[in-house]
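What follows is a set of notes on a single structure, which appears directly below.
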Amino acid sequence: MQYGSLHRDIHFETHLRKLKEYKVPVAVYAWVRGTSIADMKQEARDFYQRAAKFQPTFWWLDVEEKSYHDMRSGCESYRQELKRLGAKKVGVYIANHLYRQFNLEVEKFDAIWIPAYGQNNGGYEGFNPTCTNRYDIHQYTSNGRIPGYKGPIDLNRLTGGKDFATLFGTKVLIEEKPSLPETSLEEKPVEGGLKTLKVFTLNTAVYLREKANTTSQVIALLYKGNQIKFDDIILNQGYLWAVQPRQKGEEGYLAIGKITAYGKMK
1 MQYGSLHRDI HFETHLRKLK EYKVPVAVYA WVRGTSIADM KQEARDFYQR AAKFQPTFWW
61 LDVEEKSYHD MRSGCESYRQ ELKRLGAKKV GVYIANHLYR QFNLEVEKFD AIWIPAYGQN
121 NGGYEGFNPT CTNRYDIHQY TSNGRIPGYK GPIDLNRLTG GKDFATLFGT KVLIEEKPSL
181 PETSLEEKPV EGGLKTLKVF TLNTAVYLRE KANTTSQVIA LLYKGNQIKF DDIILNQGYL
241 WAVQPRQKGE EGYLAIGKIT AYGKMK
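Here the sequence shown is numbered in full-length UniProt numbering, starting from 1 and rising by one per residue.
Here's what the structure looks like:
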């Protein structure tokens with residue numbers, strides 16, 4: 001939305017109006033540049049005035065530079081002012097290398113979002129933030145790719161601290177958990193007894209996609225503990241993909257693990 005108070009993003013209204021038109025829930029963020037407590041509060045008021053009409057699900061403080069000698073008290077004043085104005089949920093996006101230095105009162109924010117890229121090759125390779133274990137969103141690359149967008153883009157993953165509905169104000173369509181024993185993989189008869197579905201219990205959040213491809217359209221975000229029914233496994237992009245039968249003969253694809261090959265595949 002803004003870089004400090006004076007630099008207003010010229011594209012945000014176009015983006016937000018279009019997202020609202022397509023019923024995509026939106027959150028907003030502002031780069032914090034206050035140089036005093038009064039300045040921090042003014043930035044919060046400008047931020048709120050610009051964004052409130054779009055009814056964002058979350059308000060984020062983007063903390064990536066030391067603009068005030070005491071960022072802890074400055075950002076807390078910013079957060080309090082947003083809450084006073086009516087912002088329901090206020091989170092903080094804090095640079096991994098500045099987390100300890102700024103020592104923000106992170107426990108008072110409604111969510112924590114941390115960038116930590118590792119190799120920054122567009123995918124998540126297991127590199128996590130090193131400043132803390134308590135965060136809700138991990139921004140893992142600035143070189144991601146998505147269909148319909150030509151350039152690189154930031155990609156993020158939810159880490160299980162807050163669910164999708166809390167962060168984005170809407171629930172993802174996922175299958176209800178079946179009443180099954182707590183096992184990681186088992187067989188269960190399908191109606192008619194002619195075929196069996198296997199059930200995979202997730203130990204992390206994973207996207208269910210329209211194709212067995214990490215850039216394919218997302219059908220749903222499935223959470224840790226969800227038990228996913230599937231009837232086949234295929235290989236692609238170095239992953240094992242569970243194939244989930246869906247309504248009207250359609251299928252969903254879920255990456256359930258990386259391939260460890262004892263030879264070459266063609």
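Built from N, CA and C at the ideal position, the CB exists for glycine as well.
Since the model is a prediction, treat every value here as computed from it, not as a measurement.
request  = Might you give, ordered along the chain, the residues of its own chain that have their beta carbon closer than 7 Å to the beta carbon of residue 224, omitting 5 neighbours on each side?
outcome  = For this step, residue 224 is matched to residue 224 along the sequence shown. Excluding sequence neighbours, residue 224 sits near 160, 202, 203, 204, 205.
query = How close, in whole Å, do the beta carbons of residue 30 and residue 71 come, if the pair is a contact with beta carbons under 8 Å?
reply = The residue labelled residue 30 in the question sits at position 30 within the sequence shown. The residue labelled residue 71 in the question sits at position 71 within the sequence shown. With a Cβ gap of about 15 Å, residue 30 and residue 71 do not count as contacting.
key: Helix, strand or coil at residue 100 [DSSP, three-state]   = For the purposes of this step, residue 100 is identified with residue 100 of the sequence shown, where counting begins at 1. Here residue 100 sits in helix by DSSP.
inquiry  = Which runs of the alpha helix (DSSP H) at least 4 residues long sit entirely within the region 122 to 170? Give them in chain order.
reply    = 164 to 168
request  = Would you identify the three-state DSSP class for residue 27, choosing helix, strand or coil?
outcome  = Counted from its first residue, the sequence shown places residue 27 at position 27. Residue 27 falls in the coil class under three-state DSSP.
inquiry  = Taking 6 Å as the limit between beta carbons, can you name the residues of its chain near residue 37, skipping five residues before and five after?
reply    = As a first step, residue 37 must be located in the sequence shown, where it is residue number 37. Excluding residues within five positions, the ones whose Cβ falls inside 6 Å are 77.
request  = Go ahead and pull the three-state DSSP assignment for residue 116.
outcome  = Against the sequence shown, residue 116 aligns to sequence position 116. It is coil, neither helix nor strand.
message = Quick check: the Cα distance between residue 115 and residue 62, rounded to an integer number of angstroms?
response = Translated into the one-based positions of the sequence shown, residue 115 becomes position 115. Translated into the one-based positions of the sequence shown, residue 62 becomes position 62. Residue 115 and residue 62: Cα-Cα distance of roughly 11 Å.
ask   = Given residue 311, which residues of its chain have a CB within under 7 Å of its CB, disregarding the five upstream and five downstream residues?
value = Within the shown structure, residues of the chain are numbered from 1 to 266, placing residue 311 beyond reach of any answer.
query = Assuming residue 215 and residue 146 make a contact with CB atoms under 8 Å, what is their CB distance in whole Å?
reply = Taking the sequence shown and counting its residues from 1, one reaches residue 215 at position 215. Taking the sequence shown and counting its residues from 1, one reaches residue 146 at position 146. That belief holds up - the Cβ atoms of residue 215 and residue 146 are roughly 6 Å apart, short of 8 Å.
key: Buried or exposed (CB count within 10 angstroms, at least 16 for buried), residue 89   = Numbered from its first residue, the sequence shown carries residue 89 at position 89. With 16 or more Cβ atoms within 10 Å of its Cβ, residue 89 is classed as buried.
ask   = Taking the C-alpha atoms as reference points, what is the distance between residue 98 and residue 86?
value = As a working mapping, residue 98 is identified with position 98 in the sequence shown. As a working mapping, residue 86 is identified with position 86 in the sequence shown. Cα-Cα distance, rounded: 28 Å.
ask   = Using CA coordinates, which residue listed in 14, 17, 50 is at the minimum distance from residue 7?
value = As a position in the sequence shown, residue 7 is number 7, starting the count at 1. When only C-alpha atoms are compared, the closest one is 50.
query = What is the rounded straight-line gap between the Cα of residue 137 and the Cα of residue 211?
reply = As a working mapping, residue 137 is identified with position 137 in the sequence shown. As a working mapping, residue 211 is identified with position 211 in the sequence shown. The alpha-carbon atoms of residue 137 and residue 211 are separated by roughly 25 Å.
inquiry  = Starting from residue 242, trace the beta strand (DSSP E) in both directions and tell me its first and last residue.
reply    = Locating residue 242 in the sequence shown gives position 242, where the first residue counts as 1. Per DSSP, residue 242 belongs to the beta strand (DSSP E) from 239 to 245.
ask   = How would you label residue 3, buried or exposed, when you count the other beta carbons within 10 angstroms and need 16 or more for buried?
value = In the sequence shown, residue 3 corresponds to position 3, counting from 1. Classification for residue 3: exposed.
ask   = In terms of residue numbering, what span does the beta strand (DSSP E) encompassing residue 50 cover?
value = One-based indexing of the sequence shown puts residue 50 at position 50. Where residue 50 is concerned, there is no enclosing beta strand (DSSP E), although the alpha helix (DSSP H) it sits in stretches over 37 to 51.
ask   = In its own chain, which residues sit with a C-beta less than 6 Å from the C-beta of residue 33, not counting the 5 before and 5 after it?
value = Against the sequence shown, residue 33 aligns to sequence position 33. 4, 67.
query = Along the chain, where does the alpha helix (DSSP H) that runs through residue 16 open and close?
reply = Position 16 of the sequence shown holds residue 16. Looking at the DSSP string, the run of the alpha helix (DSSP H) that includes residue 16 is 12 to 21.
Span separating the alpha-carbon of residue 244 from that of residue 167 = Here residue 244 corresponds to residue number 244 of the sequence shown, with the count starting at 1. Here residue 167 corresponds to residue number 167 of the sequence shown, with the count starting at 1. Rounded to the nearest angstrom, the two C-alpha atoms are 27 Å apart.
ask   = Leaving out five residues before and five after residue 208 in sequence, what residues of the same chain have Cβ atoms less than 6 Å from its Cβ?
value = Position 208 of the sequence shown holds residue 208. Excluding sequence neighbours, residue 208 sits near 219, 220, 222, 252, 254.
task = Please report how far the alpha carbon of residue 83 lies from the alpha carbon of residue 101, in whole angstroms.
result = Here residue 83 corresponds to residue number 83 of the sequence shown, with the count starting at 1. Here residue 101 corresponds to residue number 101 of the sequence shown, with the count starting at 1. Taking the straight line from one Cα to the other gives about 25 Å.
request  = Give every residue of the same chain whose Cβ lies closer than 7 Å to the Cβ of residue 259, excluding the five residues on either side of it in the sequence, and list them in chain order.
outcome  = For the purposes of this step, residue 259 is identified with residue 259 of the sequence shown, where counting begins at 1. So the list reads 235, 238, 239, 240, once near-sequence residues are dropped.
query = Is residue 154 close to chain C, meaning its C-beta is less than 8 Å from at least one C-beta of that chain?
reply = Absent here is chain C; the protein component of the structure consists of one chain.
message = Residues in the same chain with beta-carbon distance under 6 Å from residue 178, minus the five sequence neighbours each way, listed in chain order, please.
response = Stepping through the sequence shown from its first residue, residue 178 is reached at position 178. Since pLDDT at residue 178 reaches only 36, below the 50 mark, its modelled position is unreliable, and the value read off the structure follows with that caveat. If we look at residue 178 and ignore the five residues flanking it on each side, its Cβ neighbours are 227.
request  = Compare the beta carbon distance of residue 56 and residue 95 with 8 Å and say whether it is the shorter of the two.
outcome  = Here residue 56 refers to the residue found at position 56 when the sequence shown is read from its first residue. Here residue 95 refers to the residue found at position 95 when the sequence shown is read from its first residue. No.
query = Which residues does DSSP pair with residue 251 in a beta bridge?
reply = Position 251 of the sequence shown, counted from the start, is the residue given in the question as residue 251. Its beta-bridge partners are 245.
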